[in-house]
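Be aware that the sequence shown starts at 706, since it is given in this note's numbering, and climbs by one per residue. Cβ atoms here follow ideal geometry from the backbone N, Cα and C, with glycine treated the same way. Small disclaimer: the values here were computed from a predicted structure and weren't measured. Worksheet for the structure shown next.
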Amino acid sequence: MDNIYMKKAIELAKKGIGYVNPNPLVGAVIVKDNRIIGEGYHKIYGDYHAEINALTSATENVRGSTMYVNLEPCSHYGKTPPCVNTIIKSGIKKVVIGMKDPNPLVSGKGINVLKNNEIEVTTGIMEEECKKLNEIFLKYITTKTPFCILKSAMTLDGKIATYTGDSKWITNSISRNYVHELRHKVSGIMVGIETILKDNPFLNTRLNNKQGTDPVRIVIDTKGRIPLDSNVLNIKSSAKTIIATTTLIPKDKLKLLENIGCEVIIAPLKNNRVDLNYLMKALGDKKIDSVLLEGGGELNFSALEENIVDKVNMFIAPKIIGGSSSKTPVGGFGVNLIKDSFNLYNTKVHTFESDVMIEGYLKKE
Ligand code: AOF
Ligand code: ZN
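Next comes the structure, spelled out in structure tokens:
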């Protein structure tokens, strides 16, 4: 039964995807005599926590009941008072927790407070699923740098465009809708200047079935070459555009960009390019907890080399286009030997009709 109610809490938590960053996805269920009498989730950043929403929704007195929550209830005064205080006052008898809160402000303290107040606590229920659900939060809260997902789409013969540069579209519409779900989920989307010059993308979220949240657009532009009429600089969006550049940007171009409301980050140079580790820290300082890296190949290789990538989502479409000069998902210099490959762990294969997507992590669990 514990797993059934925890699954329900996870499902509720997922409703917050795209609205709560950089906070965690949290859902809570209150159970009495094997019946759900309350449920809630964290709906929007800075608003009530899941536990409070579940308690408020209860259809009967919660005294003596059990709360299921995917993340340890908080014990600190943040934007809201500690959830543990409200739980204790409510008369809840038992709290079943998916995972300990990695937030150093909480990290076990919430569990201790509950136990010290004669509340029975069980932890680690569906822990793996709970950690996966909050993989962005886990990375961000412990490192203050964004969780980075490298996404690319290629043909069966490993190309991202034909030799003429045509790339619309490699994958089918279901795969592309999934990518827009990803854009909705993350706080930032990052591309290199070559992608802007070639494709002039909008980098916004366009979902079939609902209004999505646009991620902050981040363009890596070492020399400040971005044209002022680029779509990313002119799009109507609630999210801003950040140009990550270096001192190689002409001063007047910097002024022009700032004048049109663009945020500019001047990063140090590393191998004549934007220092990506510096940039990740700077983005973390701006509360960007996650970045979807949509390449192209040069930037993708630098990102792997600089060790900023956490996860890869590689789409493969059953098409063959050939061309020795056609671009591939990861360019740059490449590694010398197979033993130097960037290996993926915990890989999973997803299918979107005839497209395949391989997901994997750069670090071993
Ligand atoms: C949430 N929603 O449902 C739970 C959270 O910034 P604050 O004051 O809202 O506090 C955020 C911290 O509270 C968060 O980092 C996590 O440690 C804890 N639990 N946060 O936003 C929730 N349960
Ligand atoms: Zn809380």
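Would you say the beta carbon of residue i is closer than 7 Å to some non-hydrogen atom of the ligand AOF?
i      : result
Val725 : yes
Leu776 : yes
Val811 : yes
Asn808 : yes
Ser937 : According to the sequence shown, residue 937 is Val rather than Ser. For the ligand AOF, not one heavy atom lies less than 7 Å from the Cβ of Val937.
Asn877 : no
Gly751 : yes
Pro851 : no
Asn728 : yes
Thr900 : no
Glu756 : yes
Thr785 : yes
Val801 : no
How many angstroms separate the CA atom of residue i from the CA atom of residue j?
i       : j       : result
His1074 : Val725  : As displayed, the chain neither begins before 706 nor continues past 1070, which places residue 1074 out of reach and without an answer.
Ile931  : Asn822  : 59 Å
Ser1031 : Val800  : 56 Å
Asn1048 : Glu1003 : 18 Å
Asn839  : Gly815  : 18 Å
Ala987  : Asn739  : 48 Å
Asn977  : Val937  : 24 Å
Thr827  : Lys941  : 47 Å
Arg768  : Lys737  : 9 Å
Gly1001 : Glu744  : 43 Å
Ile993  : Gly893  : 6 Å
Asn982  : Ile741  : 46 Å
Tell me where the beta strand (DSSP E) around residue i begins and ends.
i       : result
Phe852  : Phe852 to Thr860
Val896  : Gly893 to Gly897
His1055 : Tyr1050 to Phe1057
Met1019 : Lys1016 to Ala1022
Lys799  : Lys799 to Met804
Asp707  : No beta strand (DSSP E) contains Asp707, which is instead part of the alpha helix (DSSP H) from Asp707 to Lys719.
Val774  : Thr771 to Leu776
Leu998  : Ser995 to Leu998
If residue i and residue j are in contact, beta carbons under 8 Å, what's the gap, nearest whole angstrom?
i       : j       : result
Gly723  : Thr918  : 4 Å
Leu776  : Val731  : 5 Å
Leu933  : Ile965  : 7 Å
Thr825  : Lys798  : A small fix is needed here, since residue 825 is Glu in this sequence, not Thr. At roughly 6 Å, the Cβ-Cβ gap stays under 8 Å, so Glu825 and Lys798 are in contact.
Asn1072 : Phe1057 : Not covered by the structure: residue 1072. The range shown for the chain is 706 to 1070.
Gly989  : Thr850  : 4 Å
His781  : Leu810  : 4 Å
Alpha helix (DSSP H) containing residue i: first to last residue?
i       : result
Tyr1066 : Unbroken run through Tyr1066 is the beta strand (DSSP E), Asp1060 to Tyr1066; no alpha helix (DSSP H).
Thr1033 : Careful: Thr1033 lies outside any alpha helix (DSSP H) and carries neither H nor E.
Gly743  : Taken as a continuous stretch (DSSP letters only), Gly743 belongs to no alpha helix (DSSP H), being part of the beta strand (DSSP E) at Arg740 to Tyr746.
Arg888  : Ser878 to Lys890
Thr848  : Glu840 to Thr848
Lys945  : Counting along the chain, Lys945 falls outside any alpha helix (DSSP H), and DSSP gives it neither H nor E.
Val921  : That residue, Val921, is in no alpha helix (DSSP H); its beta strand (DSSP E) goes Val921 to Ile925.
Val789  : Cys788 to Ser795
Any C-beta of chain D sitting closer than 8 Å to the C-beta of residue i?
i       : result
Met1062 : Reference to chain D is not applicable here, since this structure consists of a single protein chain.
_Using only Cβ atoms and a threshold of 5 Å, which residues come within that distance of a heavy atom of the ligand ZN? Order them by chain position._
His754, Cys779 and Cys788
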